[in-house]
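Undergrad: If you count by the working numbering, then the sequence shown holds residues 4 to 206, one letter each, in order.
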Amino acid sequence: MERQEALSKLTELVGQDLRLLADTYEVTVFKEGKPNKGWAGHVLERHLNLPSNSSQSPNFGSWELKIIPLKYLQGGKLTVKETMAITMIDSYNVERTDFEDSHLLVKLRKLIVAARIWESKEEQRSILYTVKTFDLDNPDIYDQIKDDYDLVRETIRTRGFSTLTGKMGVYIQPRTKGRGHGSTTRAFYARTTFLKQFIFPSF
């Protein structure tokens, strides 16, 4: 499926309640009383007739689909709720791979980003707010993300994988991924300041 076709198909859902669509598409929102964190993304994948994908290759070969939650602040302003996971960090691979050949660049080069409104942990309702395309073609953004990647790469090389911390990076940060603070896995995450730039262009 071409990205433009997928964009049109997903845009049809803007304003709809993804929680109701989860029932329609038989997507599990809670399992054994615990939330299925990826349920909203699975709804969109089902809508596009796409199997769930967690590989380091883009969903459709040339572009990637991501969904992020938004939340209302006390004053009523809508903002990005949290960072967005991009791809796992394999220390061996990252240390030996230039940014131009990295999984991170492959994942970020061409995106569709869907933003849903998160209301509460009960997930009784979640309206699809917007669907946007993103291309990593702005030289300033590209250079900053490359710098963030190179910082992670150099840190792995000189100080070791275990020294990576979420305090690193301007747009992209390396963070633990998995259950609990004792997790030893790391992934690249897009910071909220980066996501706001194309979800809310006037930010």
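C-beta atoms are modelled at their ideal positions from N, C-alpha and C, and glycine is treated no differently.
Note down, one range per segment and in chain order, each beta strand (DSSP E) of at least 3 residues found wholly within the stretch 57–103.
TA: For the stretch 57–103, whole beta strand (DSSP E) runs of length 3 or above, ordered along the chain, are 67–75, 81–83 and 87–91.
Undergrad: Hey, out of Leu73, Trp42 and Thr31, whose CA is closest to Thr195's CA?
TA: For the purposes of this step, residue 195 is taken as the residue at position 192 of the sequence shown. Of the listed residues, the one whose Cα sits closest to Thr195 is Leu73.
Undergrad: Cα-Cα, which of Gly44, Asp104, Leu108 and Lys12 is closest to Asp2?
TA: The structure shown does not extend to residue 2, since the chain spans only 4 to 206, so no value can be given for it.
Undergrad: What residues match up with Gln176 in a beta bridge as DSSP calls it?
TA: Here residue 176 refers to the residue found at position 173 when the sequence shown is read from its first residue. Answer is Tyr192, bridged to Gln176.
Undergrad: Is DSSP giving Gly183 helix, strand or coil here?
TA: What you label residue 183 is simply residue 180 of the sequence shown in a count that begins at 1. At Gly183, the pLDDT of 49 sits below 50, so the modelled position is not reliable; the number obtained from the coordinates is stated separately. Three-state DSSP puts Gly183 in coil, outside helix and strand.
Undergrad: DSSP three-state label for Gln19, please.
TA: As a working mapping, residue 19 is identified with position 16 in the sequence shown. Coil, per DSSP.
Undergrad: Note the first and the last residue of the continuous alpha helix (DSSP H) segment covering Arg112.
TA: Your numbering for residue 112 matches position 109 in the sequence shown. From DSSP, Arg112 is part of no alpha helix (DSSP H); its letter is neither H nor E.
Undergrad: Kindly indicate the opening and closing residues of the beta strand (DSSP E) around Tyr132.
TA: Indexing the sequence shown from 1 puts residue 132 at position 129. Leu131 to Asp138 is the extent of the beta strand (DSSP E) around Tyr132.
Undergrad: I need the straight-line Cα distance from Ser165 to Asn96, nearest angstrom please.
TA: Locating residue 165 in the sequence shown gives position 162, where the first residue counts as 1. Locating residue 96 in the sequence shown gives position 93, where the first residue counts as 1. Straight-line Cα distance between these residues: approximately 15 angstroms.
Undergrad: Please confirm if the stretch 69–87 is in contact with the stretch 108–128, defined as three or more CB-CB distances below 8 angstroms between the two stretches.
TA: Touching, yes, given that three or more Cβ pairs across the two stretches are closer than 8 angstroms.
Undergrad: Since Ala9 and Ile89 should fall inside the 8 angstroms C-beta cutoff, what is the C-beta to C-beta distance between them, to a whole number of angstroms?
TA: What you label residue 9 is simply residue 6 of the sequence shown in a count that begins at 1. What you label residue 89 is simply residue 86 of the sequence shown in a count that begins at 1. No, Ala9 and Ile89 are not in contact; Cβ-Cβ is about 19 angstroms, not under 8 angstroms.
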